[in-house]
Amino acid sequence: MGTASCTESRCFFRFYPHLQHYLDIILQPSVLVDDSDVNRLVLQCMLKRVKPDLDMHMANDGQEAIDLAEQHKYQTIFSWTPIAHIRKVGRNIETPIIIITSANIITEDQNFARCEVLLKSFQVNDLKDFLDRYIV
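Sequential numbering from 1 applies to the sequence shown in the UniProt record's numbering.
So this is what it looks like as structure tokens:
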């Protein structure tokens, strides 16, 4: 007898194709955008504490985030800089964006639709609440 021609997961999704969509979502990374190395490191540590299996891409600025968003589909985006562009073009039009800021921002602007605002200095539990809403 020969071996099966497909891997276990591929065979599984052949019989349950409607579940492939959910696996695709679970495997999507998130992107964290901040121009401060320290802020990125602190937030990355907090995110890993809350969601240890979360795959994170890092961007130093808005342009780098835009470039990444054009190449990848994300579960969430942590930034506010590239919102207008990301909401108009590409794979992440519907991706939830979590804005982490110390400033008050006006969220009535259409660019901020489907965005959450997390004010500094937030606690890990605040971050967990946001992630539980958006990340499987």
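Glycine included, each C-beta is placed from N, C-alpha and C at the ideal position.
Buried or exposed by the 16-neighbour rule on C-beta atoms within 10 Å, applied to residue i
{"i": "S30", "result": "buried"}
{"i": "S36", "result": "exposed"}
{"i": "A59", "result": "buried"}
{"i": "A4", "result": "Note that A4 scores 47 on pLDDT, short of 50, meaning its location in the model is unreliable; the coordinates nonetheless yield the value given after this. Answer is exposed; the Cβ neighbour count stays below 16."}
Given residue i as reference, the closest of the options once Cα atoms are compared
{"i": "D34", "options": "Q75, L54, I99", "result": "I99"}
{"i": "F130", "options": "V38, M58, F78", "result": "F78"}
{"i": "N125", "options": "R49, H85, V89", "result": "R49"}
{"i": "residue 139", "options": "Q71, T76, Q63, N39", "result": "In the structure displayed, the chain extends from 1 to 136; residue 139 sits before or after that span and is not available."}
{"i": "Q63", "options": "L118, H85, L47", "result": "H85"}
Own chain residues within Cβ distance below 7 Å of residue i, not counting five before or after
{"i": "Y74", "result": "Q28, P29, S30, V31, N92, T95"}
{"i": "K128", "result": "V50"}
{"i": "G90", "result": "A69, E70"}
{"i": "Y134", "result": "Q75, T76, P96"}
Supposed contact pair residue j and residue i - C-beta distance, whole angstroms, cut 8 Å
{"i": "S102", "j": "K120", "result": "4 Å"}
{"i": "T81", "j": "D61", "result": "7 Å"}
Proximal residues to residue i (C-beta, below 6 Å), its chain only, five neighbours per side dropped
{"i": "C115", "result": "I97, I99"}
{"i": "H72", "result": "none"}
{"i": "D132", "result": "none"}
Chain-order list of residues whose beta-carbon lies under 8 Å from that of residue i (same chain, five-residue window excluded)
{"i": "Q123", "result": "none"}
Check your understanding: Do the stretch 63 to 74 and the stretch 40 to 54 meet, that is, are 3 or more Cβ pairs less than 8 Å apart?
Key -> No, because fewer than three Cβ pairs between the stretch 63 to 74 and the stretch 40 to 54 fall closer than 8 Å, the two stretches do not touch.
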